[in-house]
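Its first residue numbered 16, the sequence shown is counted upward by one per residue in my numbering.
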Amino acid sequence: MRTIVDINSVEKSYGLTQVINHCSFKIFEGEIYGLLGINGAGKTTLMKMILGLQQIDRGSIYVLGQKVSNNPEYLSNIGSVIENPTFYEHLNARELLSMHLCYMQKKADISEILHLVGLENADKKTISEYSLGMKQRLSLARAIIHHPKLLILDEPLNGLDPIAISEMRGLMKKLTNEGISILLSSHIIGEVRHTADRIGILSDGYIKQEFSVKEKISEFGEHFEDYVIRLMRREQI
């Protein structure tokens with residue numbers, strides 16, 4: 016399988032606090048990789064380093080075969096939703112996506128993308144009228160409209176109702192079927208269990224354990240979440 020992201024012994028500190036400590040993992044083409052850890056584990060920091068938004072203290076990150084640097088050319092092939100997305104709320108969805116395409120110097124069928132994320136009937140409303148779930152869909156539309164090869168999603172299902180969560184999961188699976196690789200972070204086990212192909216447990220600044228979701232569910236059955244909680248609590252397995 017083709018490697019999309021390759022993180023090698025990465026370290027990151029803020030003052031005397033080391034957040035990321037000799038962290039290594041890979042993301043492969045067409046998979047959903049779930050980065051699972053408690054709040055403050057360093058998930059968002061890792062994602063920002065992949066995007067070149069945070070400087071790497073030590074180690075290296077390669078994205079689509081290119082080393083992360085101050086002038087990352089690979090960013091044109093990445094879509095991301097990090098932390099709380101912001102919008103020009105006086106615009107409607109079409110205007111926002113058109114402006115984004117102009118900024119990215121890309122072309123795309125806006126109607127197709129809005130249909131894909133389920134906003135085709137709300138495209139003329141101003142964004143200020145959108146519910147939280149609709150804004151999540153719009154942020155995803157903005158992230159994928161330029162047809163990226165890698166999609167980075169930080170806590171993408173937070174605040175959504177069960178129907179919206181199910182629809183977003185289905186959409187992510189559809190995107191991977193089209194060859195897009197997805198890195199998503201969460202502190203909620205059930206969220207990544209039902210979404211990710213592989214999970215990396217981020218604890219003490221590094222990937223404590225990495226596994227196929229299907230294999231571990233087969234092994235632990237109804238005790239899968241107990242197993243993951245023990246890992247997140249730093250217990251010996």
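Note that beta-carbon positions come from the ideal geometry of N, C-alpha and C, so glycine has one too.
Item                                                                                                                                                                    : Value
Is DSSP giving Gln-70 helix, strand or coil here?                                                                                                                       : coil
Mind pulling the alpha helix (DSSP H) runs of 4 or more residues that sit fully within the segment 60-143?                                                              : 108-119, 125-131
Below 8 angstroms on the Cβ atoms is my contact criterion, and I expect Val-274 with Ile-42 to pass it. Report the Cβ-Cβ distance as a whole number of Å.               : Beyond the ends of the chain as shown, which are 16 and 252, falls residue 274; an answer cannot be given.
Going by CA-CA distance only, name the one from Glu-234, Asn-36, Lys-82, Glu-104 that's closest to Gly-67.                                                              : Lys-82
So, with DSSP's three-state summary, where would you put Asn-192?                                                                                                       : helix
Using C-beta distances below 6 angstroms, list every residue in its chain close to Lys-63, excluding the 5 sequence neighbours before and after it, in chain order.     : Gln-69
Are the beta-carbon atoms of Gly-57 and Val-78 separated by less than 7 angstroms?                                                                                      : no
If we count Cβ pairs, one from each stretch, closer than 8 angstroms, do we get three or more for the segment 157-168 versus the segment 194-206?                       : yes
Does DSSP put Leu-172 in a helix, a strand or coil?                                                                                                                     : coil
Three-state secondary structure (DSSP) at Leu-165?                                                                                                                      : strand
Look at the Cβ atom of Leu-147, then the Cβ atom of Pro-171, and state whether they are nearer than 7 angstroms.                                                        : no
CB Leu-112 to CB Ile-160, shorter than 7 angstroms?                                                                                                                     : yes
What does the Cβ neighbour count give for Thr-32, buried or exposed, with the cut at 16 atoms within 10 Å?                                                              : exposed
In chain order, what residues of the same chain lie with their CB nearer than 8 angstroms to the CB of Gly-174, ignoring the 5 residues before and after it?            : Leu-147, Gly-148, Gln-151
Leaving out the 5 sequence neighbours to the left and right, which residues in its chain are closer than 7 angstroms to Tyr-89 when beta-carbon positions are compared? : Val-78, Leu-79, Gln-81
With burial defined as no fewer than 16 other Cβ atoms inside 10 Å of the residue's Cβ, what is the status of Ser-84: buried or exposed?                                : exposed
Going by CA-CA distance only, name the one from Ile-204, Leu-168, Arg-17 that's closest to Ser-95.                                                                      : Leu-168
For the beta strand (DSSP E) that Tyr-145 lies in, which residues bound it at each end?                                                                                 : Unbroken run through Tyr-145: none, as it is neither H nor E.
Closer than 7 angstroms, CB to CB, is Ser-200 near chain D or not?                                                                                                      : Looking at the structure shown, chain D is missing, and only one protein chain is on hand.
Arg-17 by DSSP, collapsed to three states: which one?                                                                                                                   : coil
Exposed or buried, Gly-55, counting other C-beta atoms within 10 Å across all chains shown (16 or more means buried)?                                                   : exposed
On the three-state DSSP scale, how would you describe Gly-185?                                                                                                          : helix
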